[in-house]
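Residue 995, in my numbering, is where the sequence shown stops; the numbers in between run on with no holes.
The C-beta atom is built at its ideal place from N, Cα and C for all residues, glycine as well.
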Amino acid sequence: MRSTALADILLPIGALAAALLLFGVFVWFGGTDPVEVWVLLFKGAFGDWFSWQNTLQRAAPLMLTALCVALPARAGLVIIGGEGALVLGGLAAAALPYAVPLPGNVIGTALVCAAGMAAGAAWIALAGALRQYRGVNETISSLLLAYIAIALFKQIVEGPLRDPSTLNKPSTRALEEGIRIGGMFGSDVHWGLVLGLLACVALGLWLALTARGFAVRVVGGNPRTAQLVGLPASGLILIACAIGGACAGLAGAIEVAAVHTNANASIIAGYGYAGILVSFIARHNPIAVIPVAILFGGFGAAGSLLQRRLDLPDASVQVLQGIAFVLILASEALRGIDWRAAAVKLRPPSGPVTPVQLKVEPKAAS
630 MRSTALADIL LPIGALAAAL LLFGVFVWFG GTDPVEVWVL LFKGAFGDWF SWQNTLQRAA
690 PLMLTALCVA LPARAGLVII GGEGALVLGG LAAAALPYAV PLPGNVIGTA LVCAAGMAAG
750 AAWIALAGAL RQYRGVNETI SSLLLAYIAI ALFKQIVEGP LRDPSTLNKP STRALEEGIR
810 IGGMFGSDVH WGLVLGLLAC VALGLWLALT ARGFAVRVVG GNPRTAQLVG LPASGLILIA
870 CAIGGACAGL AGAIEVAAVH TNANASIIAG YGYAGILVSF IARHNPIAVI PVAILFGGFG
930 AAGSLLQRRL DLPDASVQVL QGIAFVLILA SEALRGIDWR AAAVKLRPPS GPVTPVQLKV
990 EPKAAS
């Protein structure tokens, strides 16, 4: 048990270190000093308070979209459509004031967030229902549903909900000032970060300490046992998908209410796809999602610094993320290895080696 827990920590760390090394080789071939790149990655992410603010801003949606992968994964599903839930959550948050008048206070903010959560929950629960009741692979269906969600988002934002005053960048009407989510204590870090932290902690405790959370883990870890003890597997899977989708939808609502103030194409920033990587590195543990999301939020924040200082493309950090994702998946092949047994086999024999005496039997007389 101890070796398994140690592998859960060391393998992702080793994969990240290897990803940074390969990324350094990649930029070295482009004529850039890799050591300078690594230093700027750290400075751009955690070098000063301004860097920390950018990092934490990006970490908030990463936490929530990672939960969209982590919760269904604990129930045995591989959901990668968090991007669709995020954009529909942002669309629902921006569209709610068109449908009903909202109070310009915290109640209006809560209603906007609830609309985003409902849209995200319904979208990811659809992928779970297709898996349970129609046998459709959830990985493929959730990915395709993400593309459909993005297309719906663009169609509605650029059509029925478009603000006529937005010419070059089609957007919905901006949310009222009282509904928006502001910064904490005068900083640029918005209160959405607190919502992300609370969601990670609450869902981690729910999985670890509640009967329903334990049932979800049983369904994901041993479906045969879940069937034998009579657990409602389909219902639990839909609950896990709905909660995960609600988290991603909340991320979209926060992006609208705290960052962009309206729904526009800038919301489609890839947070849903980056959340897949965060969840896999965290081993689908909601508590472990927090530091991993902060780390990858820092990588995203450092992209602009790499562009300014070294003339690297801002999207070069996405190459780093892609390398890390491939290596994380590859490291799973090493998880089942008994390293002690392998070390014993590779260890040279101790003591003097005695030559083997071959005994030749005489031929029988014919």
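| query | With 16 other CB atoms within 10 Å as the buried threshold, where does Y900 fall? | reply | The sequence position of residue 900 within the sequence shown is 271, counting from 1. Buried, because 16 or more other Cβ atoms sit within 10 Å of the Cβ of Y900.
| Should W678 go down as buried or exposed, given a rule of 16 or more other Cβ atoms within 10 Å for buried? | Numbered from 1 along the sequence shown, position 49 holds the residue referred to as residue 678. By the neighbour-count rule (16 or more Cβ atoms within 10 Å), W678 is not buried but exposed.
| request: Report the option in I708, G710, I709 and T738 whose CA atom is closest to the CA atom of A722. | output: Taking the first residue of the sequence shown as 1, we reach residue 722 at position 93. The option with the nearest alpha carbon to A722 is T738.
| For A758 and A728, the rounded distance between their alpha carbons | Start at 1 with the first residue of the sequence shown, and residue 728 comes out as number 99. Start at 1 with the first residue of the sequence shown, and residue 758 comes out as number 129. One C-alpha to the other measures close to 28 Å.
| query | Can you tell me the Cα-Cα spacing of I751 and W657, whole angstroms? | reply | By one-based count along the sequence shown, residue 751 stands at place 122. By one-based count along the sequence shown, residue 657 stands at place 28. Reading off the sequence shown, one finds Ala at residue 751, where the question assumed Ile. Rounded to the nearest whole angstrom, the CA to CA distance from A751 to W657 is 46 Å.
| request: Could you check the C-alpha separation between G929 and I923 for me, to the nearest Å? | output: As a working note, residue 929 is residue 300 in the sequence shown. As a working note, residue 923 is residue 294 in the sequence shown. About 10 Å.
| said: Please state whether the Cβ-Cβ distance between V716 and I897 is less than 8 Å. | reply: One-based indexing of the sequence shown puts residue 716 at position 87. One-based indexing of the sequence shown puts residue 897 at position 268. Contact flag set, yes.
| Euclidean distance between Cα positions of K798 and G821 | Here the question's residue 798 lines up with position 169 in the sequence shown. Here the question's residue 821 lines up with position 192 in the sequence shown. C-alpha separation (whole angstroms): 25 Å.
| task | Output the boundary residues of the alpha helix (DSSP H) element that contains T768. | result | Taking the sequence shown and counting its residues from 1, one reaches residue 768 at position 139. Per DSSP, T768 belongs to the alpha helix (DSSP H) from E767 to V786.
| Same chain, Cβ closer than 7 Å to V848, five either side skipped, listed in chain order | Looking up residue 848 in the sequence shown gives position 219. Excluding residues within five positions, the ones whose Cβ falls inside 7 Å are A704, G705, A855, L860, A862, L865 and I866.
| Own chain residues within Cβ distance below 6 Å of S995, not counting five before or after | The residue given as residue 995 occupies position 366 in the sequence shown. Annotation note: pLDDT 48 at S995 (below 50); position unreliable, no value reported.
| What distance in whole Å lies between the Cβ atoms of A886 and I808, which are believed to be in contact at a cut-off of 8 Å? | Residue mapping note: residue 808 aligns to position 179 of the sequence shown, counting from 1. Residue mapping note: residue 886 aligns to position 257 of the sequence shown, counting from 1. In this structure I808 touches A886 by the C-beta definition: roughly 7 Å separates them, less than 8 Å.
| query | If you compare alpha carbons, which of P793, N914, V735 and I736 is closest to G873? | reply | For the purposes of this step, residue 873 is taken as the residue at position 244 of the sequence shown. Among P793, N914, V735 and I736, the Cα nearest to that of G873 is on N914.
| message | Taking 8 Å as the cut-off, does the region 729–736 touch the region 868–882 (at least 3 CB pairs, one atom from each stretch)? | response | Counting Cβ pairs under 8 Å, fewer than three are found: no touch.
| field | Which of helix, strand or coil DSSP assigns to N683 | value | In the sequence shown, counting from the first residue as 1, residue 683 sits at position 54. Helix.
| field | Sub-8 Å separation of G710 and A756 beta-carbons | value | For the purposes of this step, residue 710 is identified with residue 81 of the sequence shown, where counting begins at 1. For the purposes of this step, residue 756 is identified with residue 127 of the sequence shown, where counting begins at 1. Yes.
| request: May I ask which residues mark the beginning and end of the alpha helix (DSSP H) holding W752? | output: Locating residue 752 in the sequence shown gives position 123, where the first residue counts as 1. W752 -> alpha helix (DSSP H) spans V735 to R763.
| said: What would DSSP say about H819, mapped onto helix, strand or coil? | reply: As a first step, residue 819 must be located in the sequence shown, where it is residue number 190. H819: strand per DSSP, three-state reduction.
| query | Taking just the CA atoms, how far does G842 sit from A831? | reply | Mapped onto the sequence shown, residue 831 falls at position 202. Mapped onto the sequence shown, residue 842 falls at position 213. Rounded to the nearest whole angstrom, the CA to CA distance from A831 to G842 is 11 Å.
| request: Leaving aside the five residues before and after V911 along the sequence, list all residues of the same chain whose C-beta is less than 6 Å from its C-beta, in chain order. | output: What you label residue 911 is simply residue 282 of the sequence shown in a count that begins at 1. The residue you asked about is not Val; residue 911 is Ala in the sequence shown. Here the set comprises A917, V918 and V921.
| request: Please confirm whether S800 and N891 have their CB atoms less than 8 Å apart. | output: In the sequence shown, counting from the first residue as 1, residue 800 sits at position 171. In the sequence shown, counting from the first residue as 1, residue 891 sits at position 262. In this structure, S800 places its C-beta atom within 8 Å of the C-beta atom of N891.
| Just to confirm, are A589 and G951 a CB contact at a threshold of 8 Å? | Here the chain has residues from 630 to 995 only, and residue 589 is not among them.
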